[in-house]
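In full-length UniProt numbering, the protein residues as written are 1 to 767. No residue lacks a Cβ here, since even glycine has one placed at the ideal position from N, Cα and C.
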Amino acid sequence: MLMASISDSEATNRGSMWELDQNLDQPMDEEASQLKNMYREKKFSSILLLRLAFQSLGVVFGDLGTSPLYVFYNIFPHGVDDDEDVIGALSLIIYTLTLIPLMKYVFVVLRANDNGQGGTFALYSLLCRHAKVSTIPNQHKTDEELTTYSRQTYEENSLAAKVKRWLEGHAYKKNCLLILVLIGTCTAIGDGILTPAISVLSASGGIRVQNQNMSTDKVGWLFAPLVLLWFILIGGVGVVNIHKYNSSVLKAYNPVYLFRYFKRGKSEIWTSLGGVMLSITGTEALYADLCHFPVLAIQIAFTLVVFPCLLLAYTGQAAYIIDHKDHVADAFYRSIPGAIYWPAFIIATLAAVVASQATISATYSIIKQALALGCFPRVNIVHTSKKFLGQIYIPDINWVLMILCIAVTAGFKNQSQIGNAYGTAVVIVMLVTTFLMVPVMLLVWKSHWILVVIFLVLSLTVELPYFTACINKVDQGGWVPLVIAITFFIIMYVWHFCTVKRYEFEMHSKVSMAWILGLGPSLGLVRVPGIGFVYTELASGVPHIFSHFITNLPAIHSVVVFVCVKYLPVYTVPVEERFIMKRIGPKNYHMFRCVARYGYKDIHKKDEDFEKMLLDRLLVFVRLESMMDGYSDSEDFTMMEQKGERSTRALLTEKAGSNTMSSIGDMSYSSHDSIMPAKSPLTGNSLTRYSSQTFGDEQEFLNRCKDAGIVHILGNTVVLARRDSGIVKKVAVNYVYAFLRKLCRENSVIFNVPHESLLNVGQIYYI
C-alpha cells in the first residue's frame, strides 16, 4: 500500500495554490438534464387503498395497539384509591390520543414524508434539499435534476426565503440541526430496544393470572401476525366492560375531567403522566415505518380501526378498575371474560411480538438512512425483498439489539421501571419531530407562520409536561434510554465529524487540471494496457491519491476512470439516472469521470456487478459522444444550441482550429494552447490518433484495455489528531474513530471488488 501524510493546513495551502476550473461541471449539467423522467406518483384505486389500509394494521400499528397491556399499571403503580383519579387519567389518555397520534401525526406529520419515507432522517433529507444545511458539501446542481429530487423556489422577501438564509448563514446552525436529528435518531434506536422488553413481557405476564408455574418460553410457538384480530378483541372487550361494570366512565370524554385531574393537586398526579405517555408509544414508529403504504391508507386504518378500538379498550379497563381497584396491576387480563381468556392471551402475545418487530424494522431503516448520510459506520445490509425497496435486515445491528434487549429485560426489576425508560425515549423523539417540523412547514410546505405557531404551541403544550414527568423518573429507569442514546450519539457524531474532515481534505488537496494537462496524454508515465478505476469522494476535480499514485509509480493504465459514489438526500435514485459520465481532458488522454448517485434507501446488492455497470456506462457514453460529434456541424444542431437546448457532447466538441474557448471535460482551454501529446507504449503509435477516432475505434480500444485487465484503486485515508489537539479530540479520532474503521465494511466489499484486482493507496491526514 502506498502511504503519504498531509495536514489540514498543508491541504488548505495546496488547494489555494491551484486554480479551480469554472466550466468544470457543464457537461454534467447537460447530461443530467437529458435523463428521462421515469418516476411517477402512484395512484391507488379505492379497493387497493382499502387493502393497503388493512395490511398496514399488521405492519405499522402493532406497537401502538399493544399499549393497553401496560398503561394503567404504569399510571397507578401503587394502586388507586379514588374513582375520580381513574376518570381523570382516562380523560387524559383520550385527549392525548386525539392530539398526538390522530391530529399531529396521522393528519400532519405523515404528510411530511420523503416520497413515502418517514422518520427524523427523512425530515432532515427534505431540509437538505430545500436549503444548504448539509454538513458535507458534496451536492451538485445536477443532482437537482433528479426526478426524486423535489424542491421549492422562494420569493426573495418571503418568510421561507428568510428562514432558508438564516439556516444557511452559519456552520454552527447546520451542526445544531444535525445534532438535533442525531438525538432523535439515537433515542428512536433506544425505543427499538425497549419495545420488545415491555411489550412481550406485558403480554406474556398475563399468564401468571391463570398459572403461576408456566414459563413464557412455552408459548413462543404461538407467535403469528394477528393484529387485526387484536384490535377487534380489545375493542369488543372494552364494550363489554363498559356495559358490565360502570358506564359512568363515559363522562371522561368531557375535557372538564381532564382539568379536574390536575386540580386535585396530588403529587402522584404529575408523576402519573409518565404512565399516560405510554398510551401513545409506537406513534413515532408509525411514522418511521412509513415505507410501503400510502399516507391515505394509514389514515383510513387509524381513524376507522385503531383509534376507536383503543378508546374502547382504555374506557373498558377504566370501568373495570373502578369496580376492582385492587386489580390495577393486571387490569387488562382480569377484565377479559373467562371464556375467551386463553385465546385473548395468545393473541396478545402474538400482537406484542409483531409490535416488537415493527420497531426493530424501523431501527434498521434508521441505521440505513444514517449510513447513507455519513453518520454511521458501513455495516452489512441485506436486501430481503426483490419487490420492495425498504425491506432490509442488518445482522450486526440485530445482534446489538438482541444483547441490549436481553440486558434491559434482565436488569429491570419490574415493568414499571421499563415503562419509565420507554416513556422517556418516546417523548424525546416526539419533541425532536416537533422541532424539525417547524422548518419543514416553512420551507417545504410554505405554510403561513400562524399555522406553524399553532402546530408548535399545541404540540409542546402536550409534550413538554410529559417530558418533565419522564425526566423526573430518570433515577427509576429513565436513565437507560439516555445512556443508549448517548452511546449511539457518540458513535454517529464522531463518525460524521471524521467523514467531514476526510471530505475537506480531499477537496483542499485535489489536483489542478493544468498540472494534469502539463504532463501530456501519457501523464509523464508509461501507459500500460488496462483500465484503472480510481475511487474518490470528489464529484469534480482530480483527487490527491491520483497524484500520489503517479508520482510514486512509473506506470498508469491506458484508460483511467475516476469513480465517485455519493449518497444524496433523496430516498432513491432511479437506475436510469444513477450514473453520470463525462470525459476529463482531450480524447487522447483517455480519462473519464463517473459519478454514481444513490439515495438513502438504495442498497448495493451482492448480485450487482458494479464493475460491469461502470464499463457499460462508459461504452454508452462514448457512443453518445460519437453521435453528437457527428451532428456537431449540422444546421439543425446549431439552431438547437441557440435555443439553449445544448446537448452534452455539443459542449465537449467544437471545430478544430477555432479561436474560441472550448469546454472539454474538466477544464476550459484555447485551441491556441500548445499541448503536445506524448508517445504511448500501448500500441507503439502516438495516442494522438485517438483524438479524432470514431466510436468504433475507441470502442475497440476500450475493449482491448478491458481484456488486458481492470484494477480498482481505492484511497485509504487514515485520519489522526494532531499532537497539539486536546485529549477529547485525540480519544475521539485516534481511538473511537479508528476502532469504528476497523469494524466497518471496506468499500471493496460493498462494491464487490475482486481481491486480486484491488490496489489500496494510503494517506495519513492530521486534523
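Are there 16 or more other CB atoms within 10 angstroms of the CB of residue i, so buried, or fewer, so exposed?
i	result
I727	exposed
T363	buried
F739	exposed
K251	exposed
Y124	buried
R502	buried
D326	exposed
Y172	exposed
W515	exposed
W230	buried
E700	exposed
E155	exposed
P481	buried
D323	exposed
residue 834	With the chain running from 1 to 767 in the structure shown, residue 834 is simply not present.
L464	exposed
P754	exposed
S45	exposed
A485	buried
Measuring straight from C-alpha to C-alpha, what distance separates residue i and residue j?
i	j	result
T717	L182	25 Å
S248	I94	15 Å
E537	L568	13 Å
V237	V71	16 Å
V276	Y253	16 Å
P255	A89	11 Å
S150	K601	16 Å
L228	T315	19 Å
K162	I767	34 Å
L404	Y765	35 Å
P377	G541	26 Å
G79	Y73	8 Å
D475	V305	37 Å
F546	L456	51 Å
D83	G116	44 Å
V483	I366	18 Å
F435	V109	12 Å
Suppose contacts are defined by Cβ-Cβ distances below 7 Å. Is residue i in contact with residue j by that definition?
i	j	result
V570	G599	yes
L310	V239	no
A469	G274	yes
G478	N420	yes
residue 854	R578	Only positions 1 to 767 of the chain appear in this structure, which leaves residue 854 out of reach.
L92	L258	yes
I381	I603	yes
I550	L523	yes
A188	V429	yes
N703	A721	no
M581	V560	no
E168	A131	yes
T66	A329	no
I394	H383	no
V353	V736	no
T147	L178	no
For residue i, collect the residues of the same chain with a Cβ closer than 7 Å to its Cβ; drop the 5 residues on either side in sequence, then sort them by chain order.
i	result
L159	L442 and W449
V452	V438, M441 and L442
T359	D63, D191, G192, T195 and A285
A297	L49, L52, A53 and S56
E611	I710
L401	G192, I193, I360 and T363
F488	C186 and I189
Is there at least one non-hydrogen atom of the ligand MN closer than 6 Å to the beta-carbon of residue i?
i	result
K501	The ligand MN is absent from the structure shown, which contains no ligands of any kind.
Can you name, in chain order, every residue of its own chain whose Cβ lies under 6 Å from the Cβ of residue i, other than the five neighbours on each side?
i	result
H496	G374 and C375
A318	V86, L90 and V249
G184	T120, V429 and V432
H712	F533, V753, S757 and L758
V565	A596
Y535	V563 and L714
Can you name, in chain order, every residue of its own chain whose Cβ lies under 8 Å from the Cβ of residue i, other than the five neighbours on each side?
i	result
C744	P377, R378 and V379
K742	none
Consider the Cβ of residue i: report whether some Cβ of chain D lies at a distance smaller than 7 Å.
i	result
I242	Absent from the structure is chain D; it holds one protein chain and no more.
At least three beta-carbon pairs within less than 8 Å, the region 95 to 103 to the region 345 to 352: no
Contact between the region 517 to 528 and the region 550 to 560 is defined here as three or more beta-carbon pairs at a separation below 8 Å; is this criterion met? yes
Take every Cβ of the region 423 to 434, pair it with every Cβ of the region 461 to 476, and state whether three or more of those distances are shorter than 8 Å. yes
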